[in-house]
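Some notes on the structure that comes next.
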Amino acid sequence: MTVDTTMIEVRGLGKRFVLHNQGGATLPVLHAVSFEAARGECLVLDGASGAGKSTLLRCLYGNYLASEGSIRIRDGGQWMDVVQADARRIQRLRREVIGYVSQFLRAVPRVPALDVVAEPLRRRGLAPSRARERAAGLLARLNVPERLWRLPPATFSGGEQQRVNIARGFAAGHDILLLDEPTASLDAGNRDVVARLIRETAAAGCCIVGVFHDEIVRAAVATRMIDVAPLVPEQGA
Amino acid sequence: MSAPARPPGGRAPSHGEDVAPAQDIEPPVLAVAGLTCTWDGVHGCRDIDFDLHAGEVLCVVGESGSGKSTLLQALSWQHPPQSGTVHYASREDGVVDLAALPQVRLRRLARTEWGFMRQNPRDGLRMQISAGANIAERLMAVGQRHYGELRRSAAHWLQRMEMDAARLDDTPASFSGGMQQRLQIARNLVTHPRLVFMDEPTASLDVSVQARLLDLMRGLVDDLGLAAIVVTHDLAVARLLAQRTLVMRGGRVVEAGLTDQILDDPQHPYTQLLVSSILQG
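Those protein sequence lines, which keep their order, are chains A and X.
Counting in the numbering used here, the first sequence runs from 79 upward without gaps.
Counting in the numbering used here, the second sequence runs from 774 upward without gaps.
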């Protein structure tokens, strides 16, 4: 075997929601999902709306608790199972290894856009000035006007907020990036900018797993696709 | 908390440096095990376990009467628990068992290394003395006597809390509710505590003032590497401030974990009820 560049290894992942206040109704969403993703890949999750693509991403990030199976993440020289890890280990994983870009920015009141983007870098220990430098570079690349950088994003347009959100996700240089429809609220020009950024980041060795509804973006960034279909057992293995 | 998890399967790493997290080498600021504290054998909190590290904010959420405030009083030994242990990593003496500390040492910790922020500023401030004296009081308690230094420190903290230094000689009674809460923070942080206990710090404030206070608190936790335990019934406060959350009901922790996981994928029936009751803004 050559050098193993696998970053994510998912085995037998299942997720169901139990709604205790609706008579204990159970919603099965994922069942027996298994796949791997490696450095340099942009793995696109495919499947109908409601198939559980976003749920899968959230499980990888530790935002949803998996009901069964394992999600192993490479953290430098170690492997960590997100399903078994305690809260502090997941916090560490999020700081050092895994980034996540949601569909919308969850804006914190009063924090300027530049600092929103720089924050993940500062958490990794970079000096504030260096972190802001890199943040500024990303905001510029994503066409967020410089006059907005010192303002809190709460008042920005949806597209501007989302580009701040994307800049924040890409800022820290994580080994793994999870993207949940990052381009949904963007115009064609900015969508292309983001697609290029995704391709370059993967080419530089990042392992990207994403959900994209937009066919053009999907075609532009995907190096591989997997089908997320609920309740269909894995094939082969 | 549990021992560090070993990666299951034990696949040998093929390359990459070792990434043993540095912060796990340092003991937690607070380590709580099997803590039970009741007022009458029934009401209070039971079997509480958690660790809290520097730079971490832990929110304790739950309805009134769920034992949240009792927990704070037991942790800070204001109302010593019936059973269980609390270990605190003191700046001066390393890890100490609070049960083994004499009253004098506990009082000293409470004045220097710990901070307490009350829901009602009247309980946390001295309303009859000036804002400056409120801030300087803790410094004087640890032996600072130089008037000019005390005044400078007080003015510095007033400004850091986004208040006009010209208000130094006014009494807190003339301050708005939001300013009183910020003054409470200044009064507590002036001795650079390691650990801050907050009991519903934003509950008495208007929504517009809450955001400012929360944002200030966030910044301070980051800048000063504080550990904080925040009791609140407001899940939005937990989302904004806390990496981790404990959900309490009937004196027990019914759910514990990452705040975003608890809010986005609540497991316990009570937590699901709490989360589904949030008004969508």
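The beta-carbon is built from N, C-alpha and C at its ideal position, and this holds for glycine as well.
None of these values were measured; they are calculated from a predicted model.
When DSSP states are grouped into helix, strand and coil, serine 263 of chain A belongs to the coil group. For tryptophan 887 of chain X, the enclosing beta strand (DSSP E) begins and ends at 887 to 890. Histidine 291 of chain A carries a coil assignment under DSSP once its states are collapsed to helix, strand and coil.
Between glycine 1023 of chain X and leucine 1046 of chain X, the alpha-carbon positions lie close to 15 Å from each other. Neighbours of asparagine 99 of chain A in chain X, taken as residues whose beta carbon is under 7 Å from its own, are Pro1042, Gln1045, Leu1046, Ser1049 in chain order.
The C-beta of glutamine 954 of chain X comes no closer than 8 Å to any C-beta of chain A.
By the Cβ test, the stretch 194 to 210 of chain A is not in contact with the stretch 138 to 146 of chain A, since fewer than three Cβ pairs between them sit closer than 8 Å.
Around isoleucine 168 of chain A, the beta-carbon contacts reaching into chain X at under 7 Å are Leu1031. For the stretch 966 to 1000 of chain X, the beta-carbon criterion of a distance under 8 Å to any beta-carbon of chain A is satisfied by Ala984, Arg985, Leu987, Asp988, Arg991. Within the DSSP bridge table, the entry for glycine 835 of chain X names no partner.
In the displayed model, tyrosine 861 of chain X falls within a strand according to three-state DSSP.
For arginine 188 of chain A, the neighbours in chain X by C-beta distance under 8 Å run, in chain order, Ala984, Arg985, Asp988.
The C-beta distance from leucine 968 of chain X to alanine 946 of chain X rounds to 29 Å, too long to meet the 8 Å contact threshold. Between arginine 1017 of chain X and the set X:Val868, X:Val833, X:Val802, X:Gly814, the nearest pair of CA atoms involves X:Val833.
For the pair alanine 906 of chain X and leucine 931 of chain X, the CB atoms are not nearer than the 8 Å cut-off. For the pair of segments examined, the stretch 820 to 835 of chain X was found not to touch the stretch 888 to 905 of chain X: the number of CB pairs separated by less than 8 Å stays below three.
Nearest to glutamate 1028 of chain X by C-alpha distance, out of X:Thr1044, X:Ala1015, X:Leu1013, X:Asp1037, is X:Thr1044. Listed along chain A, the residues sitting closer than 7 Å to glutamine 1016 of chain X by beta-carbon distance are Gln169. For glycine 807 of chain X, the enclosing beta strand (DSSP E) begins and ends at 803 to 811.
A buried status is given to glutamate 259 of chain A, since no fewer than 16 other beta-carbon atoms sit within 10 Å of its beta-carbon.
With fewer than 16 other CB atoms across the displayed protein chains lying within 10 angstroms of its CB, tyrosine 920 of chain X is exposed. Using a Cβ-Cβ cut-off of 8 Å, glutamine 901 of chain X does not count as an interface residue toward chain A, since no Cβ of chain A sits closer than that to its own. With respect to the C-alpha of alanine 115 of chain A, the residue from A:Arg136, A:Ile168, A:Cys284 having the closest C-alpha is A:Cys284.
Neighbours of asparagine 221 of chain A in chain X, taken as residues at a C-beta separation under 8 Å, are lacking, since the least C-beta distance is about 28 Å. Scanning chain A for C-beta atoms nearer than 9 Å to the C-beta of leucine 1013 of chain X yields Val186, Pro187, reported in chain order. Remark: C-beta atoms of glycine 247 of chain A and asparagine 268 of chain A do not approach each other more closely than 8 Å. For chain X, the residues of the stretch 140 to 151 of chain A that bring a beta carbon within less than 8 Å of one of its beta carbons are Gly140, Asn141, Tyr142, Leu143, Ser148, Arg150, in chain order. Under DSSP, cysteine 285 of chain A takes part in a beta bridge, and its partners are A:Ile254. Considered as a whole, the stretch 974 to 1027 of chain X harbours 980 to 997, 1008 to 1014 as its complete alpha helix (DSSP H) runs of no fewer than 4 residues, in chain order. The three-state secondary structure of alanine 213 of chain A, taken from DSSP, is helix. Distance from the CA atom of glutamate 973 of chain X to the CA atom of valine 1004 of chain X, rounded to whole angstroms, is 5 Å. Under the 8 Å criterion on CB atoms, aspartate 822 of chain X is classed as non-interfacial with respect to chain A. Arginine 219 of chain A sits close to valine 271 of chain A, with the two beta carbons spaced by under 8 Å. The contact set of alanine 249 of chain A on chain X, defined by CB atoms closer than 9 Å, is empty, because the minimum CB distance reaches about 17 Å.
In the displayed model, leucine 108 of chain A falls within a strand according to three-state DSSP. Residue state for serine 947 of chain X is assigned as helix, using DSSP reduced to three classes.
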